[in-house]
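Working notes, structure below.
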Amino acid sequence: MINDNPGFGPSNISSHLGTQRSQKVWAIGGGKGGVGKSLVTANLSICLALMGFKVVTIDLDLGGANLHTCLGVPIPESTLSDYLSKKVRSLSELVTQTPIANLSIISGAQDDVGIANLKQMQKAKILSRLHELDADYVLLDLGAGTTFNTLDFFISADQGILTALPEPTSIENTYRFIKSVYHRKLKLVEDLLEVGPLIDQAMNAKISQNSTPADLIDRVIEINPQMGHKLKNEITQFSPKLIINQVRTQADIDIGFSMKIICRKYFGINLDYVGYLDYDATVWQSVKKRRPLLMEFPNSGLVGNFDRIVHRLMSLN
Ligand SMILES: Nc1ncnc2c1ncn2[C@@H]1O[C@H](COP(=O)(O)OP(=O)(O)O)[C@@H](O)[C@H]1O
Ligand SMILES: [Mg+2]
1 MINDNPGFGP
11 SNISSHLGTQ
21 RSQKVWAIGG
31 GKGGVGKSLV
41 TANLSICLAL
51 MGFKVVTIDL
61 DLGGANLHTC
71 LGVPIPESTL
81 SDYLSKKVRS
91 LSELVTQTPI
101 ANLSIISGAQ
111 DDVGIANLKQ
121 MQKAKILSRL
131 HELDADYVLL
141 DLGAGTTFNT
151 LDFFISADQG
161 ILTALPEPTS
171 IENTYRFIKS
181 VYHRKLKLVE
191 DLLEVGPLID
201 QAMNAKISQN
211 STPADLIDRV
221 IEINPQMGHK
231 LKNEITQFSP
241 KLIINQVRTQ
251 ADIDIGFSMK
261 IICRKYFGIN
271 LDYVGYLDYD
281 ATVWQSVKKR
291 RPLLMEFPNS
301 GLVGNFDRIV
311 HRLMSLN
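Numbering (the numbering used here), first residue to last: 1 to 317.
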């Protein structure tokens, strides 16, 4: 077990230990590959584990699983494929301890399953069984893309966390992801509140190329204020978290604030900018050594970045 501790000591453990467990699920997704989702998942998991929480981190990047590398462990023998093909009966049987105390991993499938091909039943099965894991926190590395399955894991989590790079393509992808999540969420709320016909009516009433999702809600309010406000409440409670990764300048850091403003204006969504991560050569050095970053470089500036983000996220639960 590795117990060297880069600043997340027992002094940081507050009253949660010893109280009745309520498991929290954090999902890390957004954008395309290479934006740091696995790095973020691995190191947030390590931060929580070092604080004394039991953490299970799950590689849901089915088909492109590499979370184990960020944690410095070989690919675990049993993977989610074995669960989905019923070779093993419970998720707990897939848990592999990492060299870091309190932190275990469930590995994604290494075959061509792909998260896009997960059947509704399989997804529901995974989601409904997470609570059986012996964990205070379950972190999901969602992988790239905006397939319904990825969006549903993101929406189902207690916290949905997006990682983006401060460059136009990544920012565009992030908006695309947020928009897809928004539509998916709207659809789910629509079914729940049975306001589908109202939304259709609102859409038909004033179709404009430039209308935003926020305009849509306003139109529903015009037609039926009571239902419209309910819908608005549901949507405003939805607050994805944003991390800007690989920042080099203050302008890079500020991109997160601009994205927050744009999301409010165009989607009516409260995008919560929870922090940034510096561009740091220790990342690839640790990847090359197949050692977890926070353990290999406890004095890296990224430790402070992660510390701030993890405390911010914990304060929201
Ligand atoms: N903050 C950073 N500083 C330097 N390099 C980084 C940083 N974040 C990620 N990288 C590099 O980007 C690569 C992709 O990161 P990864 O977490 O695997 O992305 P994803 O899971 O989104 O595909 C890593 O191998 C690493 O070399
Ligand atoms: Mg990855």
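No residue lacks a Cβ here, since even glycine has one placed at the ideal position from N, Cα and C. Just so we're clear, the structure is a prediction, and the values are computed from it rather than from any experiment.
Sequence-distant residues of its chain with Cβ nearer than 7 Å to Thr-98 (five each side left out) = Leu-71, Val-73, Ser-104, Ile-105
Is there contact here, the stretch 256-266 with the stretch 47-58, by at least three beta-carbon pairs under 8 Å?
-> The stretch 256-266 makes no contact with the stretch 47-58, as fewer than three CB pairs between them are under 8 Å.
Give the secondary structure of Val-40 by DSSP, where H, G and I count as helix, E and B as strand, and everything else as coil.
-> helix
Within this structure, are the beta carbons of Gly-268 and Ile-217 separated by less than 8 Å?
-> yes
In three-state terms, what does DSSP make of Ser-104?
-> strand
Thinking C-beta only, is Phe-153 closer than 8 Å to Leu-142?
-> Yes, the Cβ-Cβ distance between Leu-142 and Phe-153 is below 8 Å.
Regarding Gly-108 and ligand 2, is the C-beta to nearest heavy atom distance less than 7 Å?
-> no
Within the same chain, show all residues whose beta-carbon is closer than 7 Å to that of Leu-60, passing over the 5 residues directly before and after it, in chain order.
-> Only Gly-108, Ile-115, Leu-140, Asp-141, Leu-142, Gly-143, Phe-153 meet the Cβ criterion.
Measuring alpha carbon to alpha carbon, tell me which of Tyr-137, Glu-93, Thr-57, Tyr-83 ends up nearest Leu-118.
-> If we check each option's Cα against that of Leu-118, Tyr-83 comes out closest.
Which listed residue (Asp-252, Asp-134, Leu-271, Leu-313) has its alpha carbon closest to that of Gln-23 = Ranked by Cα distance from Gln-23, the options Asp-252, Asp-134, Leu-271, Leu-313 are led by Asp-134.
For Asp-272, does the count of other Cβ atoms within 10 angstroms reach 16, so buried, or fall short, so exposed?
-> By the Cβ-count criterion, Asp-272 is buried, with 16 or more other Cβ atoms from all chains shown falling within 10 Å of its own Cβ.
Cβ of Asp-272 less than 8 Å from any chain C Cβ?
-> The chain labelled as chain C is not found in the depicted structure, where only one protein chain is given.
Span of the beta strand (DSSP E) holding Gln-246?
-> Per DSSP, Gln-246 belongs to the beta strand (DSSP E) from 241-247.
Among Ile-100, Phe-148, Tyr-137, which one has its Cα closest to the Cα of Lys-123?
-> Phe-148
What does a CB cutoff of less than 6 Å around Thr-212 pick up in its chain, not counting 5 residues either side in sequence?
-> Tyr-266
Would you mind giving the Cβ-Cβ distance between Trp-26 and Gln-159, rounded to the nearest angstrom? I have them listed as a contact below 8 Å.
-> 5 Å
Specify, as a first and last residue, the run of the beta strand (DSSP E) that Leu-67 falls within.
-> Counting along the chain, Leu-67 falls outside any beta strand (DSSP E), though it belongs to the alpha helix (DSSP H) covering 67-70.
Measure the C-alpha to C-alpha separation of Gln-226 and Val-247 and round it to an integer number of angstroms.
-> 44 Å
What distance in whole Å lies between the Cβ atoms of Thr-150 and Ala-164, which are believed to be in contact at a cut-off of 8 Å?
-> Not a contact, Cβ separation roughly 15 Å.
Coarse secondary structure for Ala-27, derived from DSSP in three states = strand
Does the distance from the C-beta atom of Leu-293 to that of Asn-43 stay below 8 Å?
-> Taking 8 Å as the Cβ cut-off, Leu-293 and Asn-43 qualify as a contacting pair.
Whether Gly-275 touches Ile-235 by CB criterion (8 Å) = no
Would you kindly work out how many angstroms separate the C-alpha atoms of Ile-46 and Ile-100, rounded to a whole number?
-> Distance between the alpha carbons of Ile-46 and Ile-100 is about 8 Å.
Where does the unbroken alpha helix (DSSP H) through Thr-169 begin, and where does it stop?
-> 168-193
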